[in-house]
Each structure stands twice: as C-alpha cells, then as structure tokens.
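Data block below; observations after.
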Amino acid sequence: MSKAIFITGGASGIGLAAARRFAREGWTVGIGDIDEIGMRRVAEELGAFTVPLDVRDRAQWAEALRAFAVHAGKIDVLLNNAGIARYGMFEEVTPDESDLQVDINVKGVINGAYAALDYLKASKGRLVNVASVAGIVGSPGLAVYSATKHAVRGLSEALDAEFTRHGIDVSCVMPFFVETPILDAGSKGSNRTIRDAIGQSPVYTVAEAADVVWQATHGRDREYIVGKAGRQANFARRFMPNRL
Ligand code: NAD
C-alpha cells in the first residue's frame, strides 16, 4: 500500500507544490481546501483525492479525514499547510482580519492535530505544520501573522514531545519568502502587500519549499527552514523595517 499524505491548502502555492512532489514519489495524496475550483484543477492534474475543507470547521475536518482514510486505507502524514496573511501596520489590519488569521493559522492547525491524531497513532505517522520565519522573528507589517506563526512553532515543539509516546513525529516547516499568491496579500487599511516589503530579499521557488516539506516528512529534525536567508536571523530581522 502506498504512503498517504493529507495536505491542507493544497490547491495553491507551497501545498500544491508539495502535492505534486508527493504524487511524483508515488504517494496517495489527499487535498483539503476552501478553493473548490483550484482543487478540481489539482484533481485533474494529479488524480489526487480532494475534499472541500475549511480548516476552521471541526466537523468538516472529521469528515474530510474519514473520507481520505477510506480512500487511502490509512493516513501517514498530515501536512497542516493552509494559512493566510494580512499585510499592514497593526492599526491598518482590522480586528476582523486579525481574527481570521488566528482562526485559520492557529485554530485550523490545532483542529487538524485533533482530527488526525487517531489516524497518525494507527500509522505511527507524522504531523508536519507549516509556520514561517515570522514564527522566529516578529515581523513588522505582519504582527498578528507573526503571532500566529510563533503559536504554530510552539505547538509543534510541544506536540513533538507529547506525541513521541504515540510513535508520532511532529515537525515544523518555516518558509522565508516563497513565490506564491500570499505575497500579494494586503489588508483593508493598507495599500501595500508583503511583496512591497521584500526589497532585495531572496524569494524562493515553490519547488524549493516542497523539497523542504519532503525533508520534514522524512528527517529527524524538528524544524526545517526554507531558504538560506531565513537562517540568518540578523538578516531576517532587518529586511522588513528597512521597507517601512
Ligand atoms: P497560498 O495562498 O498560495 O496558499 C494557501 C492555500 O490555503 C490556498 O489554496 C487557500 O485556498 C487555502 N486556504 C486558505 N484558507 C483556508 C481555509 N480556511 N481552509 C482551507 N484552506 C484554506 O499561500 P502559500 O504561500 O502557499 O502558503 C502556504 C503556507 O505557507 C501558509 O501557512 C503560509 O502562512 C506559509 N508561508 C508562506 C510563505 C511565503 O512566502 N509564501 C512564507 C512563510 C510561510
């Protein structure tokens, strides 16, 4: 039986690139996303299993993973990748936009961990959460986003320690800038986007990000950073303030 991975946010960007990578390696790929049109394209391209999923909704999580486990026979990996960003100074990002980031980026990941736990116990599998370099360095213009990604990083560290007793590994992927539609995310009160803040910083490809996701699914480390620049904390600290 081939290995099975369920990817949230697999209709676009890093999740889509990971879906392509795992499909190429012979894995059974399941995708849950709110973008049903995007998922239809992925289903046609990869023959992947797709299911509508809003990661904020626990009932949808239960149904999505049940259906994928029936399809694949098991679940070896949950890639908690779906996430959003709203760029702008703290007061330019509305409280509703902040809530949305917390609901999707943090609660969505926690919901996924709860929903997948029994399947991962059975397969002695892996939970891979996508945080961000903004989970290491508080990034101006992305204050609440940074808070959500620090939360995902902390959750991953704690769950890695807890889930060892179930035979489940937990790892966290922290991308630096990767060329995806998220770079064009703004907010209601700002006419700037993440792309405007990039300046001379390197932007990595989704294929490079998918390689790191692959490593995070197979290696022994707890944290995996996409992009050399992300490893240079001083550089990461400097890049955004210069652009404000
Ligand atoms: P993306 O916008 O290309 O993809 C995000 C996907 O998540 C989309 O398919 C979207 O439909 C889906 N999604 C959004 N809300 C959802 C919800 N409520 N339920 C289910 N699916 C939902 O962005 P991306 O860059 O590929 O982002 C993937 C992950 O990588 C995110 O967690 C993001 O925070 C993180 N990340 C990205 C970068 C970057 O530079 N691209 C950097 C650091 C971290």
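Numbered continuously in this note's numbering, the sequence shown closes out at residue 245.
In this text, a Cβ means the ideal position worked out from N, Cα and C, and glycines have one as well.
Beta-carbon within less than 6 Å of residue i's beta-carbon, same chain only, minus the 5 sequence neighbours each way: which residues are those?
i	result
N130	N81, V110, V153, S157 and C173
G16	I8, G10 and N82
D161	V171 and R223
Keeping to the same chain, check which residues put their C-beta closer than 7 Å to that of residue i; ignore five residues upstream and five downstream.
i	result
E93	S188, G190 and S191
F23	I6 and V30
A20	I8, G11, V30, I32, V43, L47 and A49
T181	S13, G14, I15 and V207
By DSSP's criteria, residue i is part of a beta bridge. Which residues make up the other side?
i	result
V129	L80 and S172
T9	G33
T51	I32
E224	C173
Quick one, are the C-beta atoms of residue i and residue j less than 8 Å apart?
i	j	result
A117	I76	yes
V171	V227	no
G89	G142	yes
W62	N112	yes
I183	I195	yes
G39	A68	no
R59	D104	no
Need the endpoints of the beta strand (DSSP E) that residue i sits in, please.
i	result
F1	Look at the range of the chain in this structure, 2 to 245, and you will see that residue 1 is not part of it.
V207	Where V207 is concerned, there is no enclosing beta strand (DSSP E), although the alpha helix (DSSP H) it sits in stretches over V207 to H219.
Count the other C-beta atoms from every protein chain shown that fall within 10 angstroms of the C-beta of residue i, then say buried if there are 16 or more, exposed otherwise.
i	result
N243	Note that N243 has pLDDT 42, beneath the 50 cutoff, so the model's placement of it is unreliable and the number below is only indicative. It is exposed - the Cβ of N243 has fewer than 16 other Cβ atoms within 10 Å.
T206	exposed
P176	buried
F91	exposed
L245	Below a pLDDT of 50, predicted positions are generally treated as unreliable, and L245, at 38, falls in that range; the measurement from the model is reported next regardless. Counting Cβ neighbours within 10 Å, L245 comes out exposed, since fewer than 16 surround it.
R127	buried
Looking at the secondary structure, which residues open and close the alpha helix (DSSP H) in which residue i lies?
i	result
I105	Per DSSP, I105 belongs to no alpha helix (DSSP H) and is neither H nor E.
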